Structure formats: C-alpha cells, structure tokens
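Asker: Numbering (this note's numbering), first residue to last: 2 to 202. Just so you know, even glycine gets a beta-carbon here, dropped at the ideal spot from N, CA and C. On a predicted model such as this, the values are computed, not experimentally measured, just so you know.
Okay, structure coming up:
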C-alpha cells in the first residue's frame, strides 16, 4: 500500500455529510450525463490503496457520486461506496495523479498541486503537523513530474510557496484563511510560473 494511503488509514472515520457534493454534481448535470469533455475524478480504494479514475465509462456512476468519492477526505468525510468498493479521496495516494497523463500524446502539462511545496517551508507550532503531511505529497508530485519529463513532456508546476503557506495556516480546511491565501497566491504565483516558462524556452 502507498505510504500516503497508509497514513490516511490512521485517521478517524470522518463525520462530515458529503450530500452537498452529490447535490453539486447532480445540479450541474441533472440528467445523469457526464460532460462531453474527458474528465476523470480520482479516488482510492480504502482497503487496498489502489488509485481509481472515476469517469463516464463506469455504468450508472453519476458525476455527483464521483465528486463525493473523490472528496472523501479521511478524517473529514466517510468513505463513499461505489459498487463493491469503499472509496476515499484520491489524494491519499497521489495529490495530482499527473502520471496518468502519460497515456495521452501531450507536449506540455500544467500540474496544479496545492498540497505540495518544493524547497521546503519554515514551520512553527501547529505548522509542523501540516508539513508532515505536505512532505510525502511533495515527494510524490516530484516523482510524477520526473516521470512525465522522462517521457519528453514539458511540465509547469503550480503550487503554494512560503508566503501562501503563511496565509493558509496549519489547517488547510479553514475557510477563514481563504481570502488571505488568494491574495498571497495572486502576488506570488505569477513570477514563479513565469520563471518556469522562461526556463523552458
């Protein structure tokens, strides 16, 4: 089993009600049909840690169910039963599942990885607990980026840096930090992305 999935398995069963996520999907696509564009929502088998892509190819699976399963964050929401499996947030195995993009003929990939941070970041107090979770996720995204680059694919990575993490605080589910985090991201991210783009010219 993947190390991230193993750590997630140590968390208590979440008590949150994911109904609002199901309602979101069903509100966007009330007839049960998936959008015409190819969309995969990532979940993981809570028993085996297997990464599972939920998409339109699975019979009787609605977008709302897929959203609920892919958002079943251990410790916050309970697993979601799809077929015979109990699924949790795919981020317990991979924060981005970017390696799956190697199946397509792509020249360039943009990875949006809010749970990884290259180069490390200072931590104080409760921030240390957040970094314990962030470090293995960063290593996983590092691995997936190297894998894609090994296939000749250019990779641009968008993730929080030190200033964004300061604004976010130790609890990444704290909505009170949303505005400050957005302001920090708008100030810091453009230059980091520009630097990556220029390095690949």
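My guess is that residue 190 and residue 157 are in contact by the Cβ rule of under 8 Å, so how many angstroms apart are they, rounded?
Answerer: Residue 190 sits at position 189 when you count from the first residue of the chain shown. Residue 157 sits at position 156 when you count from the first residue of the chain shown. At roughly 11 Å, the Cβ-Cβ gap does not stay under 8 Å, so residue 190 and residue 157 are not in contact.
Asker: Assuming contact is defined by CB atoms lying nearer than 8 Å, are residue 94 and residue 45 in contact in what I supplied?
Answerer: What you label residue 94 is simply residue 93 of the chain shown in a count that begins at 1. What you label residue 45 is simply residue 44 of the chain shown in a count that begins at 1. Against a cut-off of 8 Å, the Cβ pair of residue 45 and residue 94 comes out as a contact.
Asker: Start and end of the beta strand (DSSP E) containing residue 64?
Answerer: Taking the chain shown and counting its residues from 1, the one referred to as residue 64 is at position 63. Note, residue 64: premise wrong, no beta strand (DSSP E); alpha helix (DSSP H) at 64-71.
Asker: Could you please give the first and the last residue of the uninterrupted alpha helix (DSSP H) stretch that includes residue 128?
Answerer: The sequence position of residue 128 within the chain shown is 127, counting from 1. Start and end: 128-151.
Asker: Candidates 111, 30 and 187: which alpha carbon is nearest residue 57's?
Answerer: Residue mapping note: residue 57 aligns to position 56 of the chain shown, counting from 1. If we check each option's Cα against that of residue 57, 30 comes out closest.
Asker: On the DSSP letters alone, give me the boundaries of the alpha helix (DSSP H) that residue 25 sits inside.
Answerer: For the purposes of this step, residue 25 is taken as the residue at position 24 of the chain shown. That run of the alpha helix (DSSP H) goes 20-29.
Asker: What do you reckon, are the CB atoms on residue 155 and residue 109 nearer than 8 Å?
Answerer: Taking the first residue of the chain shown as 1, we reach residue 155 at position 154. Taking the first residue of the chain shown as 1, we reach residue 109 at position 108. Taking 8 Å as the Cβ cut-off, residue 155 and residue 109 qualify as a contacting pair.
Asker: I want to know whether the stretch 137-147 touches the stretch 108-127 - three or more CB-CB distances under 8 Å.
Answerer: Judged by Cβ distances under 8 Å, the stretch 137-147 makes contact with the stretch 108-127, as three or more pairs qualify.
Asker: To the nearest angstrom, how far is it from the Cα of residue 38 to the Cα of residue 125?
Answerer: What you label residue 38 is simply residue 37 of the chain shown in a count that begins at 1. What you label residue 125 is simply residue 124 of the chain shown in a count that begins at 1. Whole-angstrom Cα-Cα distance: 43 Å.
Asker: Excluding sequence positions up to five away, which residues of its chain have a Cβ less than 6 Å from the Cβ of residue 89?
Answerer: The residue labelled residue 89 in the question sits at position 88 within the chain shown. Hits under 6 Å: 45, 47, 73, 75 and 80.
Asker: Distance check for residue 153 and residue 65, CA to CA, integer angstroms please.
Answerer: Within the chain shown, the letter at position 64 stands for residue 65. Within the chain shown, the letter at position 152 stands for residue 153. Looking at the two C-alpha atoms, the distance is approximately 35 Å.
Asker: Could you tell me whether the Cβ atoms of residue 114 and residue 96 are closer together than 8 Å?
Answerer: Taking the chain shown and counting its residues from 1, one reaches residue 114 at position 113. Taking the chain shown and counting its residues from 1, one reaches residue 96 at position 95. Yes, these two residues count as a Cβ contact at 8 Å.
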